[in-house]
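Here the structure is laid out as structure tokens; the discussion comes afterwards.
Numbering (this note's numbering), first residue to last: 1333 to 1463.
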């Protein structure tokens, strides 16, 4: 399952990680017939953080995923920046237990570096951990 990510993500490293994340989660959960019926967004937060590159937005988005049988809650954090006149995701993390991010990037990660996907040493280390 491939999704065209260019509308949302400019960074090639983050695009590749996101595709890996989608494929991994689809292989884990895709075989179940317990489809998502609705997603309820909780009390979200947004902060503007100024930096040398023109600033970025931090979004905290709690969600309740309702399925045919049961459901679960998870929080996703996003960093969004204006790049070339377009708002793009520069990092995102979903920290629910057993999530791809939780397993690959670590537990309780707080995202705060909009340039992290440009840091080749960190990206190479992360590539070695992905499955």
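Every residue gets a Cβ at the ideal spot worked out from N, C-alpha and C, and that includes glycine.
Computed from a predicted model, the values in this text were never measured in an experiment.
| request: Answer yes or no: do residue 1417 and residue 1394 have a C-beta to C-beta separation smaller than 7 Å? | output: no
| Simplified DSSP assignment, three categories, for residue 1410 | strand
| With distances taken from CA atoms, which of 1369, 1443 and 1455 is nearest residue 1401? | 1369
| message | Just to confirm before moving on: does the CB-CB distance between residue 1343 and residue 1449 stay below 7 Å? | response | Inclusion of residue 1343 and residue 1449 in the CB contact set at 7 Å is warranted, their separation being smaller than that value.
| query | Quick one: what's residue 1398 bridged to in DSSP? | reply | Note: residue 1398 sits in a beta bridge opposite 1370 and 1403.
| message | Buried or exposed, going by whether 16 or more other CB atoms sit within 10 Å of the CB of residue 1339? | response | exposed
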